[in-house]
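Okay, so here's the structure we're looking at.
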Amino acid sequence: MTSATQATLRLNNAYPMPMLGVGFWQIPAGRETVTSATAALRAGFRLFDVSESDRNEKGVGRALHNSGLHRSQVFIQTKLTADVKTYEETLLHFETSLKRLGVDYVDSYLIHAPWPWMEVGANYDKQNRDVWRAMQDIFLSGRARSIGVSNFTDHDLVNLLDWDGLQIAPAINQIELFPGHLQPATVSICQEAGIALQAYSPLATGRILRVPVLRKIASILTAAREEELLAANVSHDPTAASPSSDAPASTPAPGSSSAASPAAASTSSASSDAPASAAAPDSPSAPSQATSEALLTPPQPDTHLAGNSPLQPVSSNQAASAAQSLSRAQPLSRTLCADPSASGNFASQNSLDGVTCVSPNALLTVQDSSLVISPAQVALRYLLNKGFIPIMSARPKEYLQYNADLDFDLTDEQMDAIDALAAVRSRI
Numbered sequence: 001m002t003s004a005t006q007a008t009l010r011l012n013n014a015y016p017m018p019m020l021g022v023g024f025w026q027i028p029a030g031r032e033t034v035t036s037a038t039a040a041l042r043a044g045f046r047l048f049d050v051s052e053s054d055r056n057e058k059g060v061g062r063a064l065h066n067s068g069l070h071r072s073q074v075f076i077q078t079k080l081t082a083d084v085k086t087y088e089e090t091l092l093h094f095e096t097s098l099k100r101l102g103v104d105y106v107d108s109y110l111i112h113a114p115w116p117w118m119e120v121g122a123n124y125d126k127q128n129r130d131v132w133r134a135m136q137d138i139f140l141s142g143r144a145r146s147i148g149v150s151n152f153t154d155h156d157l158v159n160l161l162d163w164d165g166l167q168i169a170p171a172i173n174q175i176e177l178f179p180g181h182l183q184p185a186t187v188s189i190c191q192e193a194g195i196a197l198q199a200y201s202p203l204a205t206g207r208i209l210r211v212p213v214l215r216k217i218a219s220i221l222t223a224a225r226e227e228e229l230l231a232a233n234v235s236h237d238p239t240a241a242s243p244s245s246d247a248p249a250s251t252p253a254p255g256s257s258s259a260a261s262p263a264a265a266s267t268s269s270a271s272s273d274a275p276a277s278a279a280a281p282d283s284p285s286a287p288s289q290a291t292s293e294a295l296l297t298p299p300q301p302d303t304h305l306a307g308n309s310p311l312q313p314v315s316s317n318q319a320a321s322a323a324q325s326l327s328r329a330q331p332l333s334r335t336l337c338a339d340p341s342a343s344g345n346f347a348s349q350n351s352l353d354g355v356t357c358v359s360p361n362a363l364l365t366v367q368d369s370s371l372v373i374s375p376a377q378v379a380l381r382y383l384l385n386k387g388f389i390p391i392m393s394a395r396p397k398e399y400l401q402y403n404a405d406l407d408f409d410l411t412d413e414q415m416d417a418i419d420a421l422a423a424v425r426s427r428i
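For what it's worth, the UniProt record's numbering labels the leading residue of the sequence shown as 1, then goes sequentially.
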């Protein structure tokens with residue numbers, strides 16, 4: 001497990017919830033859901049987001065049962081289908097969800113949307129209050145340890161929060177959140193009311209992988225990891241020679257910024273990540289149209305680079321060779337991994353939520369992709385820093401453990417650069 005999958009926060013009713021979760025939207029019911037859920041458990045995830053309408057409750061329940069884990073070890077969240085808008089139906093549908101999951105309680109139960117899916121945007125204020133009466137009764141029965149909503153806007157939240165029948169405030173609002181799309185009005189109300197924000201589609205259904213500023217930050221952070229590992233291995237090897245001119249680990253790649261650049265100094269002062277030779281030039285900034293067009297030609301993805309193995313030590317000879325490789329390395333911002341067949345197909349784009357970008361240079365140095373930080377990981381770290389709980393796609397399962405590696409931090413400058421994406425959201 002990584003520290004990201006183990007971290008928890010306390011909801012407004014003091015119930016603990018993991019800070020990183022996986023969802024199963026658009027994963028076919030049955031065997032594929034079971035396989036994906038099992039892979040997520042093995043990768044250390046303990047927050048599972050399912051729903052009645054997506055028909056994945058039974059498969060996830062089977063995976064949990066087969067895992068041998070105690071029920072209390074996994075946070076299970078499911079949702080009331082959006083078409084149900086009465087008190088009585090809510091109670092019936094909740095019982096059905098428990099049976100499909102094979103559990104006697106859930107950790108979180110959400111209203112999937114404020115309106116039926118065929119009437120998006122319609123006003124269902126009165127009906128939502130009727131449903132919330134049932135949600136409160138379910139919570140008070142102890143069969144849902146927390147209750148909340150999904151896709152609720154600021155208007156929909158105020159409708160419940162200002163209602164005289166409110167006994168239990170929503171603990172969670174699950175909405176679409178990703179870098180460049182933060183829904184400030186809804187986020188503000190949730191933060192004022194102590195409602196936790198879960199971010200679905202945190203990678204913009206794969207489009208995040210194409211954002212130059214995130215790729216640039218990923219390059220800087222990856223280079224820092226590489227250099228730190230090389231320095232650690234050299235310092236622990238008594239046969240290692242002192243750095244010399246024929247093994248210039250700190251020599252910048254052609255066209256890249258030097259270790260003494262303002263961007264590198266900023267990164268070093270804000271975290272333990274030292275500036276590295278393979279860092280992308282300059283500090284991150286909002287992408288220009290020219291930059292965006294210049295960096296959008298991806299190679300084929302390397303699907304075998306899952307990054308599941310622990311870090312392996314390298315010898316002094318390997319370190320010297322790696323240092324030379326680093327001095328010739330191209331920035332990670334030029335190695336975008338994406339599925340070219342996904343363009344124009346929403347279902348295919350969604351399947352990219354777990355795809356990551358990997359640097360061949362990092363693998364040449366120490367043969368371990370766990371060193372590489374991808375644009376996807378940068379986006380997830382950004383959301384965590386904002387206080388949001390990312391719900392990643394459980395597909396493709398090969399990238400679950402890789403994307404859960406969020407044990408790095410972003411500088412204030414890098415956070416500001418990602419904040420600026422809101423001004424160019426149409427490019428994401």
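All C-beta atoms in this analysis are idealised placements derived from N, C-alpha and C, irrespective of residue type, glycine included. Since we're looking at a predicted model, the values are computed, not measured.
- Counting C-beta pairs closer than 8 angstroms gives fewer than three between the stretch 92-103 and the stretch 2-12, which falls short of the contact rule.
- Its chain contains A4, A7, T8, L9, L384, I389 as the residues whose beta carbon lies nearer than 7 angstroms to that of M19, once the 5 sequence neighbours on both sides are disregarded; these appear in chain order.
- Counting the other Cβ atoms within 10 Å of the Cβ of R31 gives fewer than 16, which makes it exposed.
- Assignment of E52 by DSSP, reduced to helix, strand and coil, places it in the coil class.
- Shown here, N13 sits in coil according to DSSP, grouped into three states, outside any helix or strand.
- Within the DSSP bridge table, the entry for G21 names I391 as partners.
- A residue is called buried once 16 or more other Cβ atoms fall within 10 Å of its Cβ, and N128 is buried on that count.
- Residue state for N159 is assigned as helix, using DSSP reduced to three classes.
- Following the DSSP letters along the chain, one finds E119 in no beta strand (DSSP E), marked with neither H nor E.
- DSSP places T33 in the uninterrupted alpha helix (DSSP H) bounded by 31-42.
- In the three-state reduction of the DSSP assignment, G206 falls in the helix class, which pools H, G and I.
- Between the alpha carbons of R395 and N56 lies a distance of about 13 angstroms.
- Only residues of its own chain outside the window of five on either side were considered, and among them V103 have a CB closer than 7 angstroms to the CB of R71, listed in chain order.
- Fewer than three Cβ pairs drawn from the stretch 164-173 and the stretch 213-227 lie within less than 8 angstroms of each other, which leaves the two stretches out of contact.
- For A144, the three-state secondary structure derived from DSSP is strand.
- Between the stretch 34-42 and the stretch 188-205, the count of Cβ pairs shorter than 8 angstroms is below three; the stretches do not touch.
- R46 sits close to V74, with the two beta carbons spaced by under 7 angstroms.
- Rounded to the nearest whole angstrom, the C-alpha separation of F408 and K126 is 45 angstroms.
- Of the other Cβ atoms in all chains shown, 16 or more fall within 10 Å of the Cβ of M392; this residue is therefore buried.
- Nearest to A113 by alpha-carbon distance, out of P212, L214, Q26, E52, is E52.
- Minimum Cα-Cα distance from G148 among the listed residues S201, Q77, N123 corresponds to Q77.
- If you look at I418, you'll find it in the alpha helix (DSSP H) that goes 412-419.
- Our two residues, L380 and L406, have alpha carbons roughly 8 angstroms apart in a direct line.
- Scanning its chain for C-beta atoms nearer than 7 angstroms, with the 5 sequence neighbours on each side dropped, one finds no residue around P184.
- V187 has its alpha-carbon roughly 20 angstroms from the corresponding atom of W115.
- For K85, the three-state secondary structure derived from DSSP is coil.
- In this structure, the CA atom of T205 is about 39 angstroms from the CA atom of D164.
- Distances from the alpha-carbon of S146 to those of A231, F178, V106, W25 put V106 closest.
- Judged by DSSP in its simplified three-state form, L80 adopts strand.
- The three-state reading of DSSP puts S150 in strand, counting E and B together.
- When rounded, the separation of the alpha-carbon atoms in P202 and W117 is 21 angstroms.
- Looking from the CA of E88, the closest CA among Q136, G180, P179, V50 belongs to Q136.
- Assignment of S374 by DSSP, reduced to helix, strand and coil, places it in the coil class.
- For a cut-off of 8 angstroms, the C-beta gap from E226 to L41 is around 30 angstroms, too long to register as a contact.
- Between S108 and A134, the beta carbon gap of about 15 angstroms keeps them out of contact (Cβ cut-off 8 angstroms).
- Each residue's CA atom was taken as its position, placing L410 and W25 some 29 angstroms apart.
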